[in-house]
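Residue numbers (the numbering used here): 368 to 548.
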Ligand code: HEM
């Protein structure tokens with residue numbers, strides 16, 4: 368695993384989410400999305416001229432989920448329905464960028480509050496896009512289970528070995544350094 372992806376800066380991590388740091392998280396994440404060779408072109412195509420609106424909406428969305436601000440009024444499924452050219456690799460990359468951006472900015476107890484809903488919503492978006500028979504990648508299932516254990520304090524999180532795939536923040540929840548490869 369590339370350790371550089373896990374720590375984007377030396378800034379101390381936030382112990383708790385607040386409106387200012389949620390906004391900063393959203394900006395940092397979409398900056399990385401915009402720079403990404405796989406995702407960047409899709410977002411450029413969809414959001415040119417509307418980036419400010421999107422960042423404001425996503426700040427409201429995450430604040431609603433994590434801070435309980437209840438301001439978000441949208442339909443996440445509907446918003447993604449027009450995107451016809453999305454493949455499993457796009458979800459893997461979106462999650463990799465998001466989870467690693469969160470991991471770099473929040474201490475574990477706060478980070479989990481973003482990571483779990485991101486993985487759950489990603490699962491439901493993938494099932495609606497690719498069909499109900501689509502098999503959600505094991506790494507996503509396993510990470511969600513490990514995050515739940517971390518949040519509930521049950522068991523030592525233990526992730527299975529992953530030879531390839533996107534660099535999810537396995538070290539954050541598991542024993543990344545002890546795994547082979
Ligand atoms: C393949 C991965 C993804 C791609 C390419 C993608 C792309 C987009 C795009 C282009 C929009 C703007 C739609 C518009 O205003 O025209 C959008 C909106 C949004 N996305 Fe995603 N997205 C992805 C995954 C996710 C995931 C996993 C989440 C889970 C948190 C998410 C949450 C949202 C939300 C909340 C909105 C705003 C919906 C609204 O208009 O109310 N997206 N996404």
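Heads up, the beta-carbon is just placed ideally off N, CA and C, and yes, glycines get one too. Since the model is a prediction, treat every value here as computed from it, not as a measurement.
Give me the Cα-Cα distance between residue i and residue j, rounded to the nearest whole angstrom.
i, j, result
"residue 427", "residue 396", "15 Å"
"residue 481", "residue 471", "12 Å"
"residue 370", "residue 394", "Bear in mind that a pLDDT of 45 at residue 370, under 50, signals an unreliable position, so the number given afterwards is only what the model happens to contain. Computed Cα separation, rounded: 22 Å."
"residue 505", "residue 455", "13 Å"
"residue 517", "residue 392", "22 Å"
"residue 532", "residue 439", "32 Å"
"residue 449", "residue 418", "18 Å"
"residue 382", "residue 476", "7 Å"
"residue 414", "residue 403", "15 Å"
Let me check one thing: in DSSP terms, what residues is residue i bridge-paired to?
i, result
"residue 381", "473"
Could you check whether residue j and residue i sit closer than 8 Å to each other, using their CB atoms as the reference points?
i, j, result
"residue 535", "residue 493", "no"
"residue 380", "residue 473", "yes"
Whole-angstrom Cβ separation of residue i and residue j, contact assumed at under 8 Å?
i, j, result
"residue 323", "residue 384", "Past the edges of the chain, shown from 368 to 548, lies residue 323, and the structure says nothing about it."
"residue 389", "residue 430", "5 Å"
On a CA-only basis, which of the options is nearest residue i? Give me that one, please.
i, options, result
"residue 485", "499, 514, 500 and 497", "514"
"residue 496", "446, 508, 423 and 483", "446"
"residue 452", "508, 412, 420 and 501", "412"
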